[in-house]
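Participant:
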Amino acid sequence: MRSPLPDVQVPSNVPIAMHPFSDYFKGFEKIPAIRDIFGEQTEKVLSELRVEFFSSKFGYMGVSDEDGHLIVSAYYLRNGDPLSKYLDVVHELVHVRQFREGKALFDESFEYHDRPTELEAYKHAIKEARRLGMSDEELFEYLKVDWLDEEEVRKLARNLGVTPPRRIRGERVR
Ligand SMILES: [Zn+2]
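For the sequence shown, position 37 matches number 251 in our numbering, and the numbering has no gaps at all.
1. What are the start and end residues of the alpha helix (DSSP H) that includes residue 306?
2. Helix, strand or coil: how does DSSP classify residue 220 here?
3. Grouping DSSP H, G and I as helix and E and B as strand, with all else coil, what is residue 359?
4. Using the Cα positions of residue 346 and residue 374, report the straight-line distance between them to the nearest angstrom.
5. Distance cutoff 8 Å, beta carbons only. Does residue 271 sit that close to anything in chain D?
6. So residue 265 packs on residue 233, CB below 8 Å; how close in whole Å?
7. Which same chain residues end up closer than 8 Å to residue 230 when comparing Cβ atoms and leaving out the 5 residues on each side of it in sequence?
8. Compare the C-alpha of residue 313 against each of 252, 220, 224, 355 and name the closest.
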């Protein structure tokens, strides 16, 4: 038999602080890569979008699959490099559109590197990255995230038309 819990209270529902996206992220409505995502709806969607900041060292940005708001690590904003952060916003805004279209964002029947919603989001980000002059080598580095091993990053890269660096035996490839 388990002992009863100590006499404490742990809440079930707590307020989540949400802010207007456009209070913090400026100028996105003018960017062609963003207008490619939302078209005529760009201003409307961005003006309705809400963002929640969290302070964990882990994670970057995401979109809630409950109500489609953006979730962003304050740690990442402080420490991430500007280009990655910009491309991540492009990526996440594709998920915002997918959510509005009623798509399941996290379809677990696919692995991350094969999931159609992820590939679509990455395609927009990579198109913009290439326009900004990023090389395949730089793009491959950008695709490396904590939850993918080297093999999965290579698969993701191939799915996205990014050429992975050649593997050299006994040497660390960059
Ligand atoms: Zn994603």
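Think of the CB as a built atom: it goes at the ideal place given N, C-alpha and C, for glycine as much as any other residue.
Facilitator: Short version:
1. Counted from its first residue, the sequence shown places residue 306 at position 92. From DSSP, the alpha helix (DSSP H) with residue 306 extends over 296-314.
2. Translated into the one-based positions of the sequence shown, residue 220 becomes position 6. Note: residue 220 maps to coil in three-state DSSP.
3. Here residue 359 refers to the residue found at position 145 of the sequence shown. Of the three classes helix, strand and coil, the one that applies to residue 359 here is coil, per DSSP.
4. Position 132 of the sequence shown, counting from 1, holds the residue named residue 346. Position 160 of the sequence shown, counting from 1, holds the residue named residue 374. Distance between the alpha carbons of residue 346 and residue 374 is about 17 Å.
5. This model lacks chain D altogether, as it is built from one protein chain only.
6. Counted from its first residue, the sequence shown places residue 265 at position 51. Counted from its first residue, the sequence shown places residue 233 at position 19. Sure, about 5 Å apart at Cβ, within 8 Å.
7. Numbered from 1 along the sequence shown, position 16 holds the residue referred to as residue 230. 266, listed in sequence order.
8. Taking the sequence shown and counting its residues from 1, the one referred to as residue 313 is at position 99. Closest option to residue 313, Cα to Cα, is 252.
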